[in-house]
Amino acid sequence: MHGRMLIDDFAGNDYLGLASDPRLVQATAEGARRYGAGACASQLVSGYLEVHQELEARLAALVGRPRALLFSSGYLANLGVLQVLCDRSTAVFQDRLNHASLLDGARLAGARTRRFHHGDLDDLAHLLARCPSDTPRLVVSDGVFSMDGDVADIAGLSEVCRRHDAWLMVDDAHGLGVLGEHGDGCAGRRHGCDQVPVLVGTLGKALGTGGAFVAGSELLIEHLIQFARPYIYTTAEPPGVSAATLGALDILEQEPERRARLKAHIARFRAQAKAIGLPLLPSSTPIQPVLLGDSTRVQRWAARLRAQGVLVGAIRAPTVPRGQARLRITLSAVHREEQIDRLLDALASLKAREERP
Ligand SMILES: *Cc1c(COP(=O)(O)O)cnc(C)c1O
4 MHGRMLIDDF AGNDYLGLAS DPRLVQATAE GARRYGAGAC ASQLVSGYLE VHQELEARLA
64 ALVGRPRALL FSSGYLANLG VLQVLCDRST AVFQDRLNHA SLLDGARLAG ARTRRFHHGD
124 LDDLAHLLAR CPSDTPRLVV SDGVFSMDGD VADIAGLSEV CRRHDAWLMV DDAHGLGVLG
184 EHGDGCAGRR HGCDQVPVLV GTLGKALGTG GAFVAGSELL IEHLIQFARP YIYTTAEPPG
244 VSAATLGALD ILEQEPERRA RLKAHIARFR AQAKAIGLPL LPSSTPIQPV LLGDSTRVQR
304 WAARLRAQGV LVGAIRAPTV PRGQARLRIT LSAVHREEQI DRLLDALASL KAREERP
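If you're matching positions, the sequence shown starts at 4 in the numbering used here and goes up one per residue.
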């Protein structure tokens, strides 16, 4: 628990600083005034409001897909998609570092899951080649890996999928809003439905609000509406949240300087962290992990930073493999340069303190 305003927050996923933007707070209130505080029913009954419809159209346009479908959260979107696309006869291939919701979704669908080495297209191709030819197959990858910050090779994945007759699903929770010329993520307009037929985006990260969507063909979306239980049996998103997300999409369009500023912050952080000699991972996104290895060391560093008013993620097993515990530092467009410098100073003194005999 923390007061948010009193602390330098380098732990959240509010990459563009939209969560606290007064315009979005205002849009939330206006959405609630107009439609009510809650949607009062599932989408298929009477919970599907104009604001939801408008948001779906805007999201589809953002990522360059024919349709998009709103879910209450990214976790539910992934469960829904995997439940609809897979059953016991499906072979699912997942990157080793995929998000827990993707692994859970395949497991709940009863599909047989094989995990390929992180980012290793040869390993994926090898596993696909061994799969019996009549088995339906789905390849699943994060767009930006949430604990490492690296970006999947979307063109490479789609090419392997094309060669081996597999469907490709990309969960771009951390890429949406941040990557791509329009903030359309790593698998947005540059890669259409033919390359990435199933695209998931979440709205609680760079867009600063909440909820998620699946984007794809008319047929995929109609199928989800008919059969995805995590879509059907849950109350529609509160309309104020959808109204705020529409506001976030406006800002994304009108203020590309936020992405530019974020990029400059990433470069600043990486250059100085390298000069200090911190063990960074090769990430070009706002997720900048410092790999400390040992989980007690991670907790000690995070606690000392916290005592200085700096909040970072202390990520340990089972979220990451044992022995790869890390500080998960995330940057935001609304950080001030002094805040980043203060974080780096604090990290430098922690490192120096451990190196003293
Ligand atoms: C955060 C995250 C989710 C879950 O999204 P929520 O809207 O928070 O439920 C799914 N996939 C990935 C890769 C994520 O990072």
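For each residue, glycine too, the CB sits at the ideal point set by N, CA and C.
Taking 7 angstroms as the cut-off, is the C-beta of residue i nearer than that to any heavy atom in ligand 1?
i    : result
T205 : yes
G152 : no
S298 : no
H177 : yes
D98  : no
Y78  : yes
H338 : no
A94  : no
H121 : no
A251 : no
A215 : yes
S149 : yes
S362 : Since the first residue shown for the chain is 4 and the last is 360, residue 362 is missing from the structure and cannot be characterised.
D107 : no
D137 : no
D17  : no
D145 : yes
D174 : yes
Using the three-state DSSP reduction, which class does residue i fall into: helix, strand or coil?
i    : result
G39  : coil
G257 : Note that residue 257 corresponds to Gln in the displayed sequence, not to Gly. DSSP places Q257 in helix when its eight states are reduced to three.
A231 : coil
G219 : strand
A247 : helix
Q29  : helix
V142 : strand
G34  : helix
L72  : strand
T237 : coil
L281 : coil
N81  : helix
K208 : coil
H338 : coil
S104 : helix
C164 : helix
R193 : coil
D344 : helix
G50  : helix
E184 : coil
V323 : coil
H121 : coil
D126 : helix
A132 : helix
R262 : helix
A355 : helix
L19  : coil
R99  : coil
What residues are listed by DSSP as bridge partners for residue i?
i    : result
W304 : The partner list for W304 (beta bridge, DSSP) is empty, contrary to what the question assumes.
D11  : V313
P292 : R331
A94  : R115 and R140
G178 : Answer is none; G178 lacks a bridge partner.
M172 : V143 and V201
I318 : R329
S45  : T238
V154 : V147
What is the C-beta distance between residue i and residue j, in whole angstroms, given that I count them as a contact (C-beta under 8 angstroms)?
i    : j    : result
V142 : C164 : 5 angstroms
A112 : L85  : 5 angstroms
A247 : T212 : 5 angstroms
G152 : T237 : Rounded, the Cβ-Cβ distance is 31 angstroms, inconsistent with contact.
A155 : G122 : 7 angstroms
F74  : Y234 : 6 angstroms
F96  : L127 : 6 angstroms
G243 : A109 : Between A109 and G243 the Cβ distance is about 33 angstroms, and since that is not below 8 angstroms, they are no contact.
G180 : G186 : 5 angstroms
R331 : A218 : Not really, about 27 angstroms apart at Cβ, beyond 8 angstroms.
L346 : L281 : So it is not a contact: roughly 11 angstroms between Cβ atoms.
A317 : V301 : 5 angstroms
Y384 : A239 : Summary: the structure shown does not reach residue 384, with the chain confined to residues 4 through 360, and so no result is reported for it.
L65  : L252 : 7 angstroms
L227 : G20  : 32 angstroms between Cβ atoms; not a contact.
K208 : A176 : 6 angstroms
W170 : P135 : Actually they do not touch by this definition, with Cβ atoms about 16 angstroms apart.
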